[in-house]
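Colleague:
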Amino acid sequence: MAGLAAAVKLSEAGHLVTLYEAASHAGGRCRSFHDTALDCVIDNGNHLLLSGNTAVFKFLKTIGAEHTLVGPKEAIFKFIDVRDGKRWSVRPNMGRIPWWIFCADRRVPRSSWVDYLSALKLFYASPNKTLTEILSPSGRLFERYWEPLAVSVLNTPANQAAASLLWPVFAETFGRGGYASRPMIARKGLSDSFVDPAITLLTKHKAKIKFGSRLKRIEKSAGMKHIKSLVFADQKVSIPKNEAVILALPASITGSLMTEVKFPAVHNPIVNVHFKLNLHQPPDSPVNFIGIIGGTAEWLFVRGDIVSITISAANKHVSKSAEEIINLTWSDVASALGLDVNTPKQARVVKEKRATFAQTPESLKLRAKTNTDISNLKLAGDWTDTGIPATIEGAIRSGYAAADSILNN
Ligand SMILES: Cc1cc2nc3c(=O)[nH]c(=O)nc-3n(C[C@H](O)[C@H](O)[C@H](O)COP(=O)(O)OP(=O)(O)OC[C@H]3O[C@@H](n4cnc5c(N)ncnc54)[C@H](O)[C@@H]3O)c2cc1C
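Taken in order, the sequence shown gives residues 33 to 441; the numbers are from the numbering used here.
(1) Short check: CB of residue 341 to CB of residue 329, under 8 Å?
(2) Quick one: using the 10 Å Cβ neighbour count with 16 as the cut-off for buried, is residue 410 buried or exposed?
(3) To which residues of the same chain is residue 45 closer than 6 Å at the C-beta, ignoring the five residues directly before and after it?
(4) Answer yes or no: the CB of residue 251 versus the heavy atoms of ligand 1, is any distance below 7 Å?
(5) Got a sec? Which residues, its chain only, sit under 6 Å from residue 70 by beta carbon, not counting five neighbours each side?
(6) Does DSSP put residue 320 in a helix, in a strand, or in coil?
(7) Taking the alpha carbon of residue 210 as the reference point, which residue from 122, 179, 169, 236 has its own alpha carbon closest?
(8) I'd like to check one pair, residue 217 with residue 40: are the Cβ atoms closer than 8 Å?
(9) One question on the structure: do residue 388 and residue 427 come within less than 8 Å of each other, judged by their Cβ atoms?
(10) Please classify residue 351: does DSSP put it in a helix, a strand, or coil?
(11) Should residue 135 go down as buried or exposed, given a rule of 16 or more other Cβ atoms within 10 Å for buried?
(12) If distances are taken between C-alpha atoms only, which option among 186, 261, 158, 207 comes closest to residue 390?
(13) From this set, 288, 203, 225, which residue's C-alpha is nearest residue 99's C-alpha?
(14) Suppose only complete runs of 4+ residues qualify. What are the alpha helix (DSSP H) ranges in the segment 337-422, listed by chain order?
(15) Can residue 424 and residue 62 be called in contact, C-beta distance under 8 Å?
(16) Looking at the structure shown, is residue 205 part of a helix, part of a strand, or coil, going by DSSP?
(17) According to DSSP, is residue 333 part of a helix, a strand, or is it coil?
(18) Does the Cβ of residue 282 lie closer than 7 Å to at least one heavy atom of ligand 1?
(19) In three-state terms, what does DSSP make of residue 79?
(20) For ligand 1, is there a heavy atom less than 7 Å away from the beta-carbon of residue 246?
(21) From this set, 162, 231, 184, 110, which residue's C-alpha is nearest residue 49's C-alpha?
(22) Count the other CB atoms, across all protein chains shown, that sit within 10 Å of the CB of residue 415; report buried if there are 16 or more and exposed otherwise.
(23) For residue 303, report the span of its alpha helix (DSSP H) as first-last.
(24) Return the chain-ordered list of same chain residues with a C-beta closer than 8 Å to the C-beta of residue 117, the five sequence neighbours on each side being excluded.
(25) With distance defined between alpha-carbon atoms, name the residue in 291, 268, 255, 247 nearest to residue 278.
(26) In the DSSP assignment, what are the bridge partners of residue 47?
(27) Suppose only complete runs of 3+ residues qualify. What are the beta strand (DSSP E) ranges in the segment 240-287, listed by chain order?
(28) Within 10 angstroms of its Cβ, does residue 112 collect 16 or more other Cβ (buried), or is it exposed?
(29) Please classify residue 193: does DSSP put it in a helix, a strand, or coil?
(30) So, under 8 Å CB-CB, residue 350 and residue 363 are touching, yes? Tell me the CB distance rounded to an integer number of Å.
(31) Buried or exposed for residue 333, going by 16 or more other Cβ atoms inside 10 Å?
(32) Closest by CA to residue 15, which one among 169, 154, 158, 233?
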């Protein structure tokens, strides 16, 4: 997404762009593929966006795919505690003044409006503090609000997650009211929304797109101030002085190509399970998704006859067999959707072992800046120093920042 966003911005501004991608397809960690076991297109992982993700919507508008994200008209987050079957919804009101915290039926059960003011503590959180050092884990909202939020947004357990990184998310979405905190997903799939229309636009702008091109080495000028050439397995590409390079690679790959760049080296996995079901009851909204408390998964999504669950910060589960993960998570699905407990036969487990960097206070110090000491080299990627978590929003912002740095030069 970082590379695509940068390429789209530069080609829209009239620059001739060449995109080199190691894989045979675009999208990186945000893509769809045809799964032979389920015989349908699935995403590598469920991706939840919020209506307040400004860069996401700007990008989608540019590539003509704004309409492909769907979600409920209001900000509504349904939850179930699978231990006792209790269900509730968190429903922020649409405007900026958060009167919903005074309505018991819009809040987490047994929480009080005063509990929600604890969000303000995030504003003052030192970058060195974890979420549990800022918000008490014994607080009434912790297990049913802050913990699931931290784990899903930061892909890091609450006792390790950098509290300060939650504030910008909160300020840009929930803090702006329901208009900015409506949950959204890609209607058909991630590639249909984010990737294919971007490639179409780039092709229209005569950008060259070279799949299967893995960057192996970077050669710098004698004074080390300029990128001279990019070395791929099958070719060496010279970079004239009036051209620039954006490396929009995962953190560790950037670090291996540029030993002088510091990068967050610890990553956390995300595991998704996609179940193919014959649901008798069609979902009651375009996005039917439920937060799960007290189970193995955190979120469950229903899209047509595919029910998918997400386990974030899945370090405990990632080495389990697919069968074990399917059985564990099916009980969450069965409880949440009130289905038969027999596990369906058709299921696909997708393990993304390095889904995002572990968003801890230590890692924040290692996020790289867009500009480097090399004048024609910019860095992008969700792990760079965007000031927000490693998400699609962050990846797109990083790509825009790299493109802007070239455009403003
Ligand atoms: C399972 C899962 C669930 C997620 N859920 C959410 C969510 O709900 N909401 C959200 O906003 N975000 C979510 N994210 C995070 C989001 O997907 C990422 O932040 C974003 O896609 C990162 O984009 P990127 O461009 O920074 O990196 P990448 O997608 O990793 O892109 C890097 C690209 O570089 C290519 N590459 C690697 N090495 C080379 C090389 N040597 N030469 C050339 N090319 C190379 C890769 O193939 C890849 O295409 C999730 C991620 C995962 C994995």
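Using N, Cα and C, we set each Cβ at its ideal position, and we do this for glycine too.
Modeller: According to the structure shown:
(1) Yes. Within cutoff.
(2) Counting Cβ neighbours within 10 Å, residue 410 comes out buried, since at least 16 surround it.
(3) 439, listed in sequence order.
(4) no
(5) 308, 378, 380
(6) strand
(7) The candidate whose alpha carbon is nearest that of residue 210 is 122.
(8) no
(9) No, Cβ-Cβ distance for residue 388 and residue 427 is not below 8 Å.
(10) Of the three classes helix, strand and coil, the one that applies to residue 351 here is coil, per DSSP.
(11) exposed
(12) 186
(13) 225
(14) 354-369, 393-396
(15) yes
(16) coil
(17) strand
(18) yes
(19) coil
(20) yes
(21) 231
(22) buried
(23) Here residue 303 belongs to no alpha helix (DSSP H); instead the beta strand (DSSP E) covers 299-308.
(24) 367
(25) 247
(26) For residue 47, which the question treats as bridged, DSSP gives no partner whatsoever.
(27) 240-243, 247-252, 259-264, 268-270, 277-279
(28) buried
(29) Coil, per DSSP.
(30) Wrong, their Cβ atoms sit about 19 Å apart, outside the cutoff.
(31) Flag for residue 333 reads buried.
(32) There is no way to answer for residue 15, as the model of the chain reaches only from 33 to 441.
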